[in-house]
Amino acid sequence: MKFVDEFRDPQLAKSLCDRIYSLMATLPYSAQSPLQVMEVCGGHTHTIFKFALDQILPDSIEFVHGPGCPVCVLPQSRLDSFLSLAERDDVILCSFGDAMRVPGKKGSLLEWRAKGADIRIVYSPSDALNLARQNPDKSVVFFALGFETTMPSTAMTLKQAAALNLDNFFVFCQHITITPTLDALLTTTDVRVDAFLLPGHVSMVIGSEPYQFLATKHHKASITTGFEPLDLLQGILMVVEQLVEGRCEIENQYRRVVSDQGNPIALKAMDEVFEPKAESEWRGLGNIPNSGITLKAPYHQFDAERHFNLITETQEDPKDSACGLVLTGQLKPNQCPLFGGQCTPSQPVGALMVSSEGACAAYYQYRREQQQ
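Per the numbering used here, the very first residue in the sequence shown carries number 12; after that it's consecutive.
Here's what the structure looks like:
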């Protein structure tokens, strides 16, 4: 397949691996004390396991799974706040499919839909906007979930809603940002990360420059990479080359998609519609300053939390759940006591087992036999 097969070429993969093996032999890492590389994005995690990249690389390199899956870090309290609207007959709730089976305190969106609540799966916020136009007697509430990857589409949809002067379209804003999270991860946790593979989709919007603090403040080699096997192998090679040469920089392997400055049209729309919140709660990670997003004053009329006077109460994660440790790379998914037993894709306890980008879902699909 053109533009896919080129990034899965076995001979190129072998060439990259040979170079990585050669350079790693010159560095002071071993199987007992490996180079720990955090792949921030869950899409990277699934590629690593699907193509067994962790098994063809030296034992002196260990992948650490990060908090770059927005569904995985969705706190139960925020889901429950959104679900509090499900009992209303005058409301249509809209969500991306990934969030439908995330468990809340009183069930999931999918379970509430089975009980008769009007909950629709949409593929974009504009689908929800169209529902609002088609159902003027109902309030349509879109669950705006995601990192900077999905923020531009929500922003553009809100600009369209304002232009149409709709009074029955609302957004429950659960957008979050990646850079404050990585800063908090390195500042407030005990996790050891030697280098980062940065998320390609988020970086497509924000560019490479916002990650500079990883090099200047935290002295971590960091590479923005794509999602094909050769993308990740080249990203690892670029990390190792930096270590060999004594460098600590932010580099961009994914230049066919990501620019240093990001997407100016997307950034402008986001800046017009959104502003940072003082802090935001993350599942398993607690409150992280300046990591959440809310609507600016001109768009308050579309804010579901303001319109419906919704309250979010902080809750603890389910008992025995290790979501926080997995999200911060301190524990492998198959080391969680609930993995594969009490927590499975069909009966999830945590969101990491539900999302198509979740680390637990990746382990369950590709490495279940390694459960410890």
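Each residue gets a CB set at the ideal place from its N, CA and C atoms; glycine is no exception. What you are looking at is a predicted structure, and each value in this text was computed from that prediction instead of being measured.
Identify the continuous alpha helix (DSSP H) that holds Gln-185 and give its terminal residues.
On the sequence shown, position 174 is the one that residue 185 refers to. Unbroken run through Gln-185 is the beta strand (DSSP E), 180-186; no alpha helix (DSSP H).
For Asn-298, which residues of its own chain have a beta-carbon under 6 Å away from its beta-carbon, when the five flanking residues on both sides are left out?
Working through the sequence shown from its first residue, we reach residue 298 at position 287. Closer than 6 Å at Cβ, skipping near neighbours: Glu-290, Glu-292.
Beta-carbon within less than 7 Å of Leu-225's beta-carbon, same chain only, minus the 5 sequence neighbours each way: which residues are those?
In the sequence shown, residue 225 corresponds to position 214, counting from 1. Taken in chain order, the residues that qualify are Leu-193, Phe-207, Lys-231, Ser-233, Ile-261.
If I measure Cβ to Cβ from Val-250 and keep anything under 7 Å in the same chain, skipping five residues before and after, which residues do I get?
The count along the sequence shown starts at 1 and reaches residue 250 at position 239. Within the same chain, Val-250 has close Cβ partners Val-48, Ala-206, Ala-232, Ile-234.
On the CB-based measure, 16 or more other CB atoms within 10 Å of its CB, does Thr-236 come out buried or exposed?
Working through the sequence shown from its first residue, we reach residue 236 at position 225. By the 10 Å Cβ count, Thr-236 comes out buried.
Specify, as a first and last residue, the run of the alpha helix (DSSP H) that Ala-172 falls within.
Sequence index remark: in the sequence shown, residue 172 carries index 161 (1-based). Element bounds for Ala-172: 162-175.
Given Pro-300, which residues of its chain have a CB within under 6 Å of its CB, disregarding the five upstream and five downstream residues?
For the purposes of this step, residue 300 is identified with residue 289 of the sequence shown, where counting begins at 1. Answer for Pro-300: Glu-290, listed in chain order.
With distances taken Cα to Cα, identify the nearest neighbour of Gly-257 among Lys-307, Gly-157, Thr-37, Asn-263.
Taking the first residue of the sequence shown as position 1, residue 257 is located at position 246. Nearest of Lys-307, Gly-157, Thr-37, Asn-263 to Gly-257, Cα basis: Thr-37.
Name the DSSP beta bridge partners of Val-48, please?
Translated into the one-based positions of the sequence shown, residue 48 becomes position 37. Answer is Phe-74, Ala-206, bridged to Val-48.
Going by beta-carbon coordinates alone, are Ala-143 and Lys-149 separated by less than 9 Å?
Position 132 of the sequence shown, counted from the first residue, corresponds to residue 143. Position 138 of the sequence shown, counted from the first residue, corresponds to residue 149. Yes.
Are the CB atoms of Leu-64 and Glu-252 within a distance shorter than 9 Å?
Taking the sequence shown and counting its residues from 1, the one referred to as residue 252 is at position 241. Taking the sequence shown and counting its residues from 1, the one referred to as residue 64 is at position 53. No. Outside cutoff.
Output yes or no for whether 9 Å exceeds the beta carbon distance between His-319 and Phe-181.
If you number the sequence shown from 1, residue 319 lands on position 308. If you number the sequence shown from 1, residue 181 lands on position 170. Sequence inspection shows Phe at residue 319; the His mentioned does not correspond to that position. Contact: yes.
Which residues mark the beginning and the end of the beta strand (DSSP E) in which Phe-238 is found?
As a first step, residue 238 is located in the sequence shown; it is residue number 227 there, counting from the start. Note, Phe-238: premise wrong, no beta strand (DSSP E); not H, not E.
Just to confirm, is the Cβ distance from Ala-97 to Phe-313 under 9 Å?
Within the sequence shown, numbered from 1, the residue matching residue 97 stands at position 86. Within the sequence shown, numbered from 1, the residue matching residue 313 stands at position 302. Their beta carbons are not under 9 Å apart, which means Ala-97 does not touch Phe-313 by this criterion.
Between Asn-146, Val-133, Asn-176, Asp-178, which has its C-alpha nearest Ser-164's C-alpha?
Against the sequence shown, residue 164 aligns to sequence position 153. Considering only alpha carbons, the answer is Val-133.
DSSP on Ala-24, reduced to helix/strand/coil?
Your numbering for residue 24 matches position 13 in the sequence shown. Here Ala-24 sits in helix by DSSP.
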